[in-house]
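Enquirer: One structure is given below, represented as structure tokens, and several questions about it will come after.
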Amino acid sequence: MFTGLIEEVGTVRGRTDADGAAVLSVAATTVTTDLREGDSVAVAGVCLTVTALDGAGFTADVMPETLRRTTLGTLTPGRGVNLERALAAGGRLGGHLVQGHVDGVGTVHARRPGPRWDEVDVSVPAPLARYVAEKGSVTVEGVSLTVTAAREDSFGVALIPTTLGATTLGTLAVGDPVNLEVDVLAKYVERLLGVGGAS
Numbered sequence: 063m064f065t066g067l068i069e070e071v072g073t074v075r076g077r078t079d080a081d082g083a084a085v086l087s088v089a090a091t092t093v094t095t096d097l098r099e100g101d102s103v104a105v106a107g108v109c110l111t112v113t114a115l116d117g118a119g120f121t122a123d124v125m126p127e128t129l130r131r132t133t134l135g136t137l138t139p140g141r142g143v144n145l146e147r148a149l150a151a152g153g154r155l156g157g158h159l160v161q162g163h164v165d166g167v168g169t170v171h172a173r174r175p176g177p178r179w180d181e182v183d184v185s186v187p188a189p190l191a192r193y194v195a196e197k198g199s200v201t202v203e204g205v206s207l208t209v210t211a212a213r214e215d216s217f218g219v220a221l222i223p224t225t226l227g228a229t230t231l232g233t234l235a236v237g238d239p240v241n242l243e244v245d246v247l248a249k250y251v252e253r254l255l256g257v258g259g260a261s
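Going by this note's numbering, the sequence shown opens with residue 63, and the numbers climb by one from there.
Structure follows, in structure tokens:
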């Protein structure tokens, strides 16, 4: 479980592909201070298991399903990625409940710079749009954000200076793909009520 509060932006050191899967190597300093092999870490919003650690960062296996359904399949060396360690028991839940299970990939549709913030519109795959509500929570590239507008095929968010400076969202351009995780509580409510075509 994560909170969507990014601890640092790591850098992809390398990626080795084999049999449809991949081994991802990420340079990091903050998140590795107490990581161990087998621990979970969110990389661009995707929960991965640490398989090895060294003085410069960590490696993790990425399964074929993850490569197909997230932006991790497009990562190349030198690319920045948002990183967050799993929430420790008793820790502060400053964002919202984030699983690191990406629901789909959206696209940056528009970006409007403000005096100290940016307003960003993100397209959302049709099956996910019903889970996005104005003033609700959504995760974009692992970042917990509040929805400022919810539409049939997109939603809006406002990026404060801290988010612009401390995450990869500050460098996103129109057309860039982004990992999306909708609020898990909305999915459970739908499932329990038996509405919305849930399966």
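All C-beta atoms in this analysis are idealised placements derived from N, C-alpha and C, irrespective of residue type, glycine included.
#1: Check whether the Cβ atoms of residue 205 and residue 231 lie closer than 9 Å to each other.
#2: May I ask you to list the residues that DSSP assigns as paired with residue 72?
#3: Could you spell out where the alpha helix (DSSP H) holding residue 191 opens and where it closes?
#4: Is residue 202 closer than 9 Å to residue 219 when the C-beta atoms are compared?
#5: Based on Cα-Cα distance, which residue from 251, 242, 252, 67 lies nearest to residue 165?
#6: According to DSSP, which residues form a beta bridge with residue 166?
#7: Any chance you could list the beta strand (DSSP E) runs of at least 3 consecutive residues sitting entirely within the stretch 113-144, in chain order?
#8: How far does the beta strand (DSSP E) with residue 84 in it reach, from first residue to last?
Expert: Result, derived from the coordinates:
#1: yes
#2: 143, per the DSSP bridge assignment.
#3: 188-191
#4: Contact flag set, yes.
#5: Nearest of 251, 242, 252, 67 to residue 165, Cα basis: 242.
#6: 242
#7: 119-124
#8: 83-89
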